[in-house]
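In what follows, a single structure is set out as structure tokens and then discussed.
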Amino acid sequence: MTTRGIALATVLCSFLLDVTQSATAYSTSNADNIQTVYVSYDSGDSWSQLGYLNDWTSSLDLEIEDVTASTKLRYVCSDYGVIGGFIATITYRGETYVTTDPIGAGYFEVSKDSDVSDDDLVYHEASSSPWYILAKNELMSDDAYWIWDANINNAITFEFDFEEIAQPVTGAIYDEEADGDTVSMTCKHGINGIAAIYGANCRKGDQGSLPGGERQDGPMKEECYGKTSCDYTIDHTEIGDPCSGTVKDFYYAYTCTGNKYGVNVGSLGISEASGQSFTISCEGDDMVIKVADAIYGLNCQITPRVCGAYSGLAYGTSASPLDVTSYVQDACNGESECTYTVDHTVLGDPCSCVVKDFVYAYQCVPSEMIDDDSLKVKVDYNLMVAQGIQQEGQVNMMMKVFYQESILIKSLIVLVGLLSMYGLYQ
0 MTTRGIALAT VLCSFLLDVT QSATAYSTSN ADNIQTVYVS YDSGDSWSQL GYLNDWTSSL
60 DLEIEDVTAS TKLRYVCSDY GVIGGFIATI TYRGETYVTT DPIGAGYFEV SKDSDVSDDD
120 LVYHEASSSP WYILAKNELM SDDAYWIWDA NINNAITFEF DFEEIAQPVT GAIYDEEADG
180 DTVSMTCKHG INGIAAIYGA NCRKGDQGSL PGGERQDGPM KEECYGKTSC DYTIDHTEIG
240 DPCSGTVKDF YYAYTCTGNK YGVNVGSLGI SEASGQSFTI SCEGDDMVIK VADAIYGLNC
300 QITPRVCGAY SGLAYGTSAS PLDVTSYVQD ACNGESECTY TVDHTVLGDP CSCVVKDFVY
360 AYQCVPSEMI DDDSLKVKVD YNLMVAQGIQ QEGQVNMMMK VFYQESILIK SLIVLVGLLS
420 MYGLYQ
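Here the sequence shown stands for residues 0 to 425, where the numbers follow numbering that gives the first Met the number 0.
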């Protein structure tokens, strides 16, 4: 093999080894007259520019990679007279989200940075005058609406938050006895899935014990289902006590109306979680597991140690539960059934000498929500293409196609290009 061939093979190997999965969303938007789009991956604490367009007759089409519940989009729009407007469609995991009439009926909202209230907004259908040009945008949903207020020569900022549609929300009370504490849940369009466990740290032999705790889905659903906000107070006199005399934790998960697949939770009881296994499964054609959360040692701060110099005393805030979500995701995501064995030698030990519990939350979703996630390629594309085909004068053509396609298509284009050039240089 030639030196050039070896270099090319090395790049190709790096390309193949650095492919990982990530969730991707697609946004198409028009603004009359100017729009600048930003993305935040930390719930709005910081922003990066994604795109800019000063042409209301053209759509700004963007691909947003690595979408999580902490991802937000911001559309800063300005009008220069006659009439202002903003219209958008977002596609994510096979679902479509549009600018609606009224705006509160959907998942877009006017940013708090804008001096405009929802009551000030005016709506027009997508094909309304003077925006007939949108008939040429096949990516824009016919159900989307143009939105602005009655003013001109002004600016309005719109935002889209993935929190309610990306994945379940999980939470816990783990630093004190959960009884008497209140759990707060909020969803813009209503709470539609709730699962909870009281006393996941209850162990076999505890007084009146239900090892692994007691499910509390029913009481919470009865009080909170369908509400946009709900404060649920844990009361053992109403829901029962899974192990009286033991300081108990409380673990919960919920979904909002935008996430239609509900949520399940589970725990490991009887004894120390390390060494124990649990099995989760999904029924129905093409339904698979998508792990949302997993925590080892939720009870680290409240359960007394059973060995060492401080035996009989709890750690308090000097120890913290261990987030092991990625381990369970790697083992179970995309499977219809999965058995996972907890192993502290792999996960680590968040609080030695404590008999630790293990809690987890997951959804059953269509397989395309796992398998069809776009491929994020960790590689310097410009370097690869330049090394592989620059001398053949194909860089400009390849890069033009490259920047217009999705990440998956980009990957295939580069791979095919490299393989072709490898053959030429042998």
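The beta-carbon is built from N, C-alpha and C at its ideal position, and this holds for glycine as well.
Strand pairing of residue i, partner residues [DSSP]
i: valine 264; result: Ala360
i: cysteine 337; result: Ile279
i: tyrosine 173; result: Paired residue(s): none; tyrosine 173 is not in a bridge.
i: aspartate 160; result: Lys71
i: isoleucine 89; result: Ser26 and Tyr96
i: isoleucine 155; result: Cys76
i: alanine 313; result: In the DSSP output, where bridge partners are listed per residue, alanine 313 has none listed.
i: tyrosine 37; result: Gln48 and Arg73
i: tyrosine 295; result: Leu321 and Phe357
i: aspartate 31; result: Gly84
Where the beta strand (DSSP E) through residue i begins and ends
i: cysteine 76; result: 71-77
i: methionine 139; result: Segment: none, methionine 139 is in no beta strand (DSSP E) and carries neither H nor E.
i: aspartate 41; result: That residue, aspartate 41, is in no beta strand (DSSP E); it is neither H nor E in DSSP.
i: isoleucine 190; result: 190-197
i: aspartate 148; result: 144-148
i: isoleucine 82; result: It is not in any beta strand (DSSP E) - isoleucine 82 carries neither H nor E in the DSSP assignment.
i: glutamate 62; result: 59-63
Nearest-angstrom beta carbon gap, residue j and residue i [assumed within contact, 8 Å]
i: cysteine 299; j: lysine 247; result: That pair is no contact at about 14 Å.
i: phenylalanine 85; j: tyrosine 74; result: 6 Å
i: aspartate 31; j: isoleucine 82; result: 6 Å
i: asparagine 191; j: cysteine 281; result: At roughly 18 Å, the Cβ-Cβ gap does not stay under 8 Å, so asparagine 191 and cysteine 281 are not in contact.
i: alanine 252; j: threonine 169; result: 4 Å
i: aspartate 174; j: isoleucine 233; result: 14 Å between Cβ atoms; not a contact.
i: glutamine 34; j: serine 42; result: So it is not a contact: roughly 22 Å between Cβ atoms.
i: aspartate 78; j: isoleucine 172; result: So it is not a contact: roughly 48 Å between Cβ atoms.
i: serine 113; j: threonine 70; result: Between threonine 70 and serine 113 the Cβ distance is about 20 Å, and since that is not below 8 Å, they are no contact.
i: aspartate 65; j: alanine 125; result: Going by Cβ atoms, the distance from aspartate 65 to alanine 125 rounds to 29 Å, so no, they are not a contact pair.
i: aspartate 322; j: isoleucine 279; result: That belief does not hold up - the Cβ atoms of aspartate 322 and isoleucine 279 are roughly 18 Å apart, past 8 Å.
Extent of the continuous alpha helix (DSSP H) to which residue i belongs
i: valine 327; result: 324-331
i: lysine 345; result: The sequence shown places valine at residue 345, not lysine. Counting along the chain, the alpha helix (DSSP H) containing valine 345 begins and ends at 343-346.
i: aspartate 180; result: First-last for aspartate 180: undefined, no H or E at that position.
i: aspartate 285; result: That residue, aspartate 285, is in no alpha helix (DSSP H); it is neither H nor E in DSSP.
i: cysteine 223; result: 216-223
i: isoleucine 369; result: 367-370
Legend entry - Contact between the stretch 154-169 and the stretch 220-239 (3+ Cβ pairs under 8 Å): no
Inset, instruction - Please specify which runs of the beta strand (DSSP E), each continuous and at least 3 residues long, are wholly inside the stretch 92-129, giving them in chain order. - result: Every beta strand (DSSP E) of 3 residues or more that sits fully in the stretch 92-129 is shown, in chain order, as 94-97, 107-109 and 120-124.
Legend entry - Segment contact, 8 Å Cβ cut-off, at least three pairs: the stretch 213-220 with the stretch 193-203: yes
Legend entry - Inter-stretch contact (C-beta, 8 Å, three-pair minimum) for the stretch 87-104 and the stretch 43-51: No, they do not touch.
Legend entry - contact_flag[the stretch 345-360, the stretch 260-272] where n(CB pairs < 8 Å) is 3 or more: yes
Inset, instruction - Run through the stretch 227-282 for me and flag every whole beta strand (DSSP E) of 3 or more residues, listed as ranges in chain order. - result: 228-232, 249-255, 263-267 and 276-280
Inset, instruction - For the stretch 272-284 and the stretch 329-345, state whether three or more C-beta atom pairs, one from each stretch, are separated by less than 8 Å. - result: yes
Legend entry - the stretch 228-245 touching the stretch 284-293, judged by at least three CB pairs closer than 8 Å: no
Inset, instruction - Would you be able to state if there are at least three C-beta pairs under 8 Å between the stretch 302-316 and the stretch 347-354? - result: yes
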